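Enquirer: No gaps in the numbering here: position 46 of the sequence shown is 594 in the numbering used here, and each next residue is one more.
No residue lacks a Cβ here, since even glycine has one placed at the ideal position from N, Cα and C.
Treat the numbers as computed from the prediction; the structure is a model and nothing was measured.
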Amino acid sequence: VNDITIEADTMAKDIPWKDYGIDEVFTAYSAGGARKIIGHTPIDILLSDIEMPEEDGLSLIHWIQDAHYDIDCVLLTCHADFAYAREGLSLDCQDYIPLPAKYEEIGASIAKVCRRRQEKLASLRLQDYGRSWLMNQTGHMDQDTETSTHDSPQELVEKSKAYILDHISDCELSV
């Protein structure tokens with residue numbers, strides 16, 4: 549997102565995005581344009597200028613958070629103002645890149661955000677798997693050990709640990 553059209557278009561065209569883990573690039577020239585894209589297309593990473601007419605990039609990021617979009621944000625600006633950096637940090641922005649910046653620097657920042665995002669998604673998948681497994685096992689444990697379905701979380705953990713220890717040699721015991 550950048551109100552300077554030529555900069556936005558040149559970055560979209562000249563940065564080898566696929567080399568940094570990006571499959572598709574969308575370009576917006578205002579916060580309003582970005583909102584339209586975000587409303588119609590799943591967006592993982594937002595790279596935005598801060599100072600733009602009508603609405604700045606920080607306001608756009610506030611809107612993204614208020615609307616609960618899962619988008620990692622990186623700020624670009626030609627104004628190296630600490631107040632912007634501080635607000636960006638408070639908004640959990642992944643990086644703050646002062647302009648002018650080499651495309652390799654922007655790409656390296658985006659690659660780092662992609663890696664963090666992949667790690668976060670893998671962790672969430674593992675948590676979901678663990679929850680599913682625990683629910684499945686507590687059902688089996690209830691049948692096997694005649695336990696109450698009103699066990700506390702600590703009791704469920706202890707029972708899960710006991711189940712794992714009892715069945716550790718079973719080749720069907722999954723992660």
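(1) Compute the Euclidean distance between the alpha carbons of ARG664 and ASP562, then round it to the nearest angstrom.
(2) When the Cα of ILE491 is compared with those of VAL573, ASP614 and ARG634, which residue comes out closest?
(3) Which partner residues of GLN589 appear in the DSSP bridge assignment?
(4) Flag this pair as touching only if the segment 569-578 and the segment 623-632 have three or more C-beta atom pairs under 8 angstroms; answer yes or no.
(5) In whole angstroms, what is the alpha-carbon distance linking LYS660 and PRO701?
(6) Counting beta carbon pairs with one atom in the segment 652-659 and one in the segment 669-676, are three or more of them shorter than 8 angstroms?
(7) Out of PRO564, LEU606, TRP611 and CYS662, which one is the CA nearest neighbour of LYS584?
(8) Along the chain, where does the beta strand (DSSP E) containing ASP620 start, and where does it finish?
(9) Taking the straight line between their C-alpha atoms, what separation do you get for LEU639 and ILE716?
(10) Start and end of the alpha helix (DSSP H) containing TYR711?
(11) Just reading off the alpha helix (DSSP H) that ASP562 is part of, what are its end residues?
(12) Taking TYR632 as part of the alpha helix (DSSP H), name the residues at either end of that continuous run.
(13) In the DSSP assignment, the alpha helix (DSSP H) including LEU614 goes from what residue to what residue?
(14) State the CB to CB distance for the pair VAL622 and ILE593, rounded to an integer number of angstroms; the pair is presumed to be in contact (CB under 8 angstroms).
(15) Taking only the alpha-carbon atoms, compute the straight-line gap between HIS616 and TYR568 and give it to the nearest angstrom.
(16) To which residues does DSSP link LEU595 through a beta bridge?
(17) Using 10 angstroms around the beta-carbon of SER680, count the other beta-carbons present and answer buried if the total reaches 16, otherwise exposed.
(18) For LEU577, which beta-bridge partners are listed by DSSP?
Expert: From the atom records:
(1) One-based indexing of the sequence shown puts residue 664 at position 116. One-based indexing of the sequence shown puts residue 562 at position 14. C-alpha separation (whole angstroms): 24 angstroms.
(2) Lying before the first or after the last residue shown, residue 491 is absent from the chain, which here runs from 549 to 723.
(3) For this step, residue 589 is matched to residue 41 along the sequence shown. For the sequence presented, residue 589 should be read as Thr rather than Gln. Answer by DSSP bridge pairing: none, since THR589 is not bridged.
(4) In short, these stretches do not touch, since the Cβ pair count stays below three.
(5) Residue 660 sits at position 112 when you count from the first residue of the sequence shown. Residue 701 sits at position 153 when you count from the first residue of the sequence shown. Roughly 36 angstroms between the two C-alpha positions.
(6) Segments in contact, no.
(7) The residue you call residue 584 lines up with position 36 of the sequence shown. LYS584 has its Cα closest to that of TRP611, out of PRO564, LEU606, TRP611 and CYS662.
(8) Start at 1 with the first residue of the sequence shown, and residue 620 comes out as number 72. Where ASP620 is concerned, the enclosing beta strand (DSSP E) stretches over 620-625.
(9) If you number the sequence shown from 1, residue 639 lands on position 91. If you number the sequence shown from 1, residue 716 lands on position 168. Their backbone Cα atoms lie some 44 angstroms apart in a straight line.
(10) Position 163 of the sequence shown, counted from the start, is the residue given in the question as residue 711. 701-714 is the extent of the alpha helix (DSSP H) around TYR711.
(11) Within the sequence shown, numbered from 1, the residue matching residue 562 stands at position 14. For ASP562, the enclosing alpha helix (DSSP H) stretches over residues 553-562.
(12) The residue you call residue 632 lines up with position 84 of the sequence shown. For TYR632, the uninterrupted alpha helix (DSSP H) segment begins and ends at 630-638.
(13) Locating residue 614 in the sequence shown gives position 66, where the first residue counts as 1. It should be pointed out that residue 614 corresponds to Asp in this sequence rather than to Leu. Run containing ASP614: 605-614, per the alpha helix (DSSP H) assignment.
(14) Counting from one through the sequence shown, the residue named residue 622 turns up at place 74. Counting from one through the sequence shown, the residue named residue 593 turns up at place 45. Sure, about 7 angstroms apart at Cβ, within 8 angstroms.
(15) If you number the sequence shown from 1, residue 616 lands on position 68. If you number the sequence shown from 1, residue 568 lands on position 20. A straight line joining the alpha-carbon of HIS616 with that of TYR568 spans about 25 angstroms.
(16) Stepping through the sequence shown from its first residue, residue 595 is reached at position 47. LEU595 is bridged by DSSP to VAL622.
(17) The residue you call residue 680 lines up with position 132 of the sequence shown. SER680 is classed as exposed because its beta carbon has fewer than 16 other beta carbons within 10 Å across all chains shown.
(18) Here residue 577 is taken as the residue at index 29 of the sequence shown, counted from 1. Inspection of the sequence shows that residue 577 is occupied by Tyr rather than by Leu. DSSP output for TYR577 lists no bridge partner at all.
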